[in-house]
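One structure is given below, encoded as C-alpha coordinates.
In the working numbering, the protein residues as written are 837 to 990.
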(Lines of atoms letter the chains of each structure in order from A; the text may use other names.)
(Lines give C-alpha, C1' and ligand atoms only; values in the text may rest on other atoms or scores of the structure.)
Protein backbone atom coordinates (compact mmCIF):
# COMPACT_ATOMS: atom_id res chain seq x y z
CA UNK A 837 0.00 0.00 0.00
CA UNK A 838 2.84 2.40 0.76
CA UNK A 839 4.28 1.75 -2.72
CA UNK A 840 0.96 2.87 -4.19
CA UNK A 841 1.02 6.04 -2.09
CA UNK A 842 4.61 6.76 -3.11
CA UNK A 843 3.70 6.41 -6.78
CA UNK A 844 0.69 8.66 -6.28
CA UNK A 845 2.87 11.25 -4.53
CA UNK A 846 5.37 11.22 -7.42
CA UNK A 847 2.49 11.62 -9.87
CA UNK A 848 0.80 14.42 -7.92
CA UNK A 849 3.88 16.58 -7.39
CA UNK A 850 5.15 16.51 -10.94
CA UNK A 851 5.60 20.01 -12.29
CA UNK A 852 3.14 19.62 -15.16
CA UNK A 853 0.41 18.24 -12.90
CA UNK A 854 0.68 21.16 -10.50
CA UNK A 855 0.66 23.64 -13.40
CA UNK A 856 -2.45 21.94 -14.78
CA UNK A 857 -4.22 22.10 -11.41
CA UNK A 858 -3.42 25.79 -11.07
CA UNK A 859 -4.72 26.37 -14.60
CA UNK A 860 -8.00 24.59 -13.82
CA UNK A 861 -8.57 26.63 -10.65
CA UNK A 862 -7.78 29.91 -12.40
CA UNK A 863 -9.96 28.86 -15.34
CA UNK A 864 -12.92 28.19 -13.05
CA UNK A 865 -12.54 31.60 -11.44
CA UNK A 866 -12.14 33.22 -14.86
CA UNK A 867 -15.32 31.48 -16.03
CA UNK A 868 -17.32 33.25 -13.31
CA UNK A 869 -15.88 36.60 -14.37
CA UNK A 870 -16.76 35.99 -18.03
CA UNK A 871 -20.24 34.80 -17.09
CA UNK A 872 -20.96 38.00 -15.14
CA UNK A 873 -19.35 40.11 -17.87
CA UNK A 874 -21.59 38.63 -20.56
CA UNK A 875 -24.84 38.47 -18.57
CA UNK A 876 -24.57 41.74 -16.63
CA UNK A 877 -22.35 44.03 -18.72
CA UNK A 878 -22.59 43.08 -22.43
CA UNK A 879 -26.09 41.60 -22.73
CA UNK A 880 -28.09 44.49 -21.16
CA UNK A 881 -26.85 47.13 -23.64
CA UNK A 882 -27.53 44.70 -26.49
CA UNK A 883 -31.02 44.20 -25.10
CA UNK A 884 -31.47 47.97 -24.88
CA UNK A 885 -30.37 48.39 -28.50
CA UNK A 886 -32.83 45.69 -29.56
CA UNK A 887 -35.78 47.42 -27.83
CA UNK A 888 -35.39 45.79 -24.43
CA UNK A 889 -35.11 42.16 -25.52
CA UNK A 890 -33.13 39.97 -23.13
CA UNK A 891 -30.88 37.67 -25.16
CA UNK A 892 -31.50 34.72 -22.86
CA UNK A 893 -35.25 35.03 -23.55
CA UNK A 894 -34.90 34.82 -27.33
CA UNK A 895 -36.56 31.67 -28.60
CA UNK A 896 -38.23 30.25 -31.65
CA UNK A 897 -41.56 28.54 -31.00
CA UNK A 898 -41.99 25.50 -33.22
CA UNK A 899 -45.20 24.35 -31.54
CA UNK A 900 -47.12 26.52 -29.10
CA UNK A 901 -48.01 25.07 -25.70
CA UNK A 902 -51.60 23.92 -25.25
CA UNK A 903 -53.40 25.26 -22.18
CA UNK A 904 -56.48 23.81 -20.52
CA UNK A 905 -59.45 25.98 -19.56
CA UNK A 906 -58.11 26.39 -16.03
CA UNK A 907 -54.70 27.61 -17.33
CA UNK A 908 -52.69 24.44 -16.76
CA UNK A 909 -50.38 23.30 -19.51
CA UNK A 910 -51.60 20.10 -21.16
CA UNK A 911 -48.95 20.04 -23.90
CA UNK A 912 -45.72 21.98 -23.24
CA UNK A 913 -45.00 22.66 -26.90
CA UNK A 914 -41.62 22.81 -28.63
CA UNK A 915 -39.33 25.83 -28.26
CA UNK A 916 -35.77 26.44 -29.50
CA UNK A 917 -34.03 28.84 -27.13
CA UNK A 918 -31.36 30.39 -29.35
CA UNK A 919 -30.77 33.33 -27.00
CA UNK A 920 -28.80 31.12 -24.62
CA UNK A 921 -26.71 30.01 -27.59
CA UNK A 922 -25.90 33.64 -28.38
CA UNK A 923 -24.81 34.19 -24.76
CA UNK A 924 -22.68 31.04 -24.86
CA UNK A 925 -21.04 32.23 -28.09
CA UNK A 926 -20.28 35.59 -26.45
CA UNK A 927 -18.74 33.70 -23.50
CA UNK A 928 -16.62 31.68 -25.90
CA UNK A 929 -15.50 34.73 -27.87
CA UNK A 930 -14.41 36.55 -24.71
CA UNK A 931 -12.52 33.52 -23.36
CA UNK A 932 -10.87 32.83 -26.72
CA UNK A 933 -9.80 36.46 -27.13
CA UNK A 934 -8.46 36.62 -23.58
CA UNK A 935 -6.48 33.40 -24.04
CA UNK A 936 -5.11 34.74 -27.32
CA UNK A 937 -3.92 37.93 -25.62
CA UNK A 938 -2.36 36.03 -22.69
CA UNK A 939 -0.56 33.50 -24.92
CA UNK A 940 0.65 36.29 -27.19
CA UNK A 941 2.05 38.14 -24.17
CA UNK A 942 3.76 34.99 -22.89
CA UNK A 943 5.31 34.32 -26.30
CA UNK A 944 6.64 37.88 -26.49
CA UNK A 945 8.16 37.56 -23.02
CA UNK A 946 9.81 34.28 -24.05
CA UNK A 947 11.22 35.90 -27.19
CA UNK A 948 12.65 38.79 -25.19
CA UNK A 949 14.20 36.49 -22.61
CA UNK A 950 16.17 34.59 -25.24
CA UNK A 951 19.69 35.91 -25.65
CA UNK A 952 19.77 37.46 -29.10
CA UNK A 953 23.54 38.02 -29.02
CA UNK A 954 24.38 34.35 -28.48
CA UNK A 955 22.93 32.63 -31.53
CA UNK A 956 25.80 30.09 -31.63
CA UNK A 957 24.72 26.50 -32.01
CA UNK A 958 26.51 24.20 -29.56
CA UNK A 959 29.08 21.89 -31.16
CA UNK A 960 27.98 18.24 -31.24
CA UNK A 961 29.85 15.99 -28.81
CA UNK A 962 31.49 13.83 -31.49
CA UNK A 963 32.83 16.88 -33.33
CA UNK A 964 34.14 18.33 -30.06
CA UNK A 965 35.98 15.06 -29.35
CA UNK A 966 37.61 15.18 -32.79
CA UNK A 967 38.69 18.79 -32.18
CA UNK A 968 40.18 17.77 -28.81
CA UNK A 969 42.10 14.90 -30.43
CA UNK A 970 43.43 17.24 -33.14
CA UNK A 971 44.56 19.79 -30.56
CA UNK A 972 46.25 17.07 -28.48
CA UNK A 973 48.10 15.79 -31.56
CA UNK A 974 49.30 19.32 -32.35
CA UNK A 975 50.61 19.74 -28.80
CA UNK A 976 52.34 16.37 -28.93
CA UNK A 977 53.95 17.15 -32.29
CA UNK A 978 55.08 20.57 -31.06
CA UNK A 979 56.75 19.11 -27.96
CA UNK A 980 58.70 16.38 -29.75
CA UNK A 981 61.45 17.50 -32.12
CA UNK A 982 61.17 16.29 -35.68
CA UNK A 983 63.57 13.51 -36.66
CA UNK A 984 66.85 14.73 -38.17
CA UNK A 985 67.17 14.08 -41.83
CA UNK A 986 70.37 12.37 -42.88
CA UNK A 987 72.23 13.76 -45.84
CA UNK A 988 71.75 11.77 -48.95
CA UNK A 989 74.88 10.33 -50.51
CA UNK A 990 75.58 11.19 -54.10
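All C-beta atoms in this analysis are idealised placements derived from N, C-alpha and C, irrespective of residue type, glycine included.
- Rounded to whole angstroms, the gap between the alpha carbons of residue 839 and residue 853 is 20 angstroms.
- Remark: C-beta atoms of residue 903 and residue 897 do not approach each other more closely than 8 angstroms.
- The C-beta of residue 934 has fewer than 16 other C-beta atoms within 10 Å across all chains shown, which makes the residue exposed.
- Where residue 947 is concerned, the enclosing alpha helix (DSSP H) starts and stops at 918–949.
- Close CB contacts of residue 895 within its chain, under the 7 angstroms cut and outside five residues either way in sequence, are with 915, 916, 917, 918, 919 (chain order).
- Counting other Cβ atoms within 10 Å of its Cβ, residue 980 stays below 16 and is therefore classed as exposed.
- Between the alpha carbons of residue 960 and residue 977 lies a gap of roughly 26 angstroms.
- Residue 893 and residue 949 have their C-alpha atoms roughly 49 angstroms apart.
- For residue 967 and residue 846, the gap between their C-alpha atoms comes out near 42 angstroms.
- Residue 846 carries a helical assignment under DSSP once its states are collapsed to helix, strand and coil.
- Using a 10 angstroms sphere on the CB of residue 874, the tally of other CB atoms reaches 16 or more, which defines it as buried.
- Between the stretch 876–894 and the stretch 935–948 there are fewer than three inter-stretch CB-CB distances shorter than 8 angstroms, so the stretches are not counted as touching.
- Counting along the chain, the unbroken alpha helix (DSSP H) around residue 879 starts and ends at 879–885.
- When beta bridges are read from the DSSP output, residue 911 appears opposite 902.
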